[in-house]
Amino acid sequence: GDIDIAGHNLDSTPSLLRNDSPASNHYLIVRIQGVESNRDGIGAIVTVETSASTQIREIRAGSSFLAQDDIRAHFGLGGERVVRRLAVHWPSGQVDRFADIQADRILTVREGRDLLP
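Here is the structure:
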């Protein structure tokens, strides 16, 4: 949940923006692996639902010129410790659904299969 940013500046040195704030909130990071869809799950939609909110992320490649965001989906959960529902809508049309997932972890969803630690 502690996201840092590395950036390249034209005709200058790279920059590193560190997040050193206290980690008082919860998070879930979802990495996906396509089987029928492309390996990285580009185009997949990941939805996370807690008792407080619903968040949606699209897995994308190439976010800017000569740049790439983290291919994993990061969800800030605030005070929520459990994700009620997690759904991945794959480019192939397959939908994987999971429930009652503990926060503060990185997990992998493999298309058509169970969650991997």
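Anchor point for the sequence shown: position 53 equals 153 in our numbering, and the numbering is continuous, going up by one each time.
We treat Cβ as the ideally placed atom computed from N, Cα and C, and that holds for glycine.
As the structure is a prediction and not an experimental result, all values here were calculated from the model.
Residue nearest to residue i in terms of C-alpha spacing, selected from the options
i           : options            : result
residue 106 : 170, 206, 216, 211 : 170
residue 122 : 108, 115, 103, 114 : 103
residue 134 : 159, 112, 154, 115 : 159
residue 183 : 154, 118, 211, 124 : 154
residue 78  : 186, 161, 211      : Here the chain has residues from 101 to 217 only, and residue 78 is not among them.
residue 139 : 108, 124, 161, 125 : 161
Segment limits, beta strand (DSSP E) that includes residue i
i           : result
residue 115 : 115-117
residue 212 : Per DSSP, residue 212 belongs to no beta strand (DSSP E) and is neither H nor E.
residue 105 : 105-107
Coil, strand or helix - residue i by DSSP
i           : result
residue 128 : strand
residue 164 : strand
residue 150 : coil
Those residues which DSSP pairs with residue i across a bridge
i           : result
residue 206 : 129
residue 182 : 202
Quick check: the segment 168-178 against the segment 124-137, are at least 3 beta-carbon pairs closer than 8 Å? Segments in contact, yes.
If you pair each beta-carbon of the segment 132-145 with each one of the segment 186-194, do three or more pairs fall below 8 Å? yes
Tell me whether the segment 155-170 and the segment 197-204 touch, counting them as touching only if at least three CB pairs, one residue from each stretch, are closer than 8 Å. Contact check between the segment 155-170 and the segment 197-204: fewer than three CB pairs, one atom from each, fall below 8 Å, which does not count as touching.
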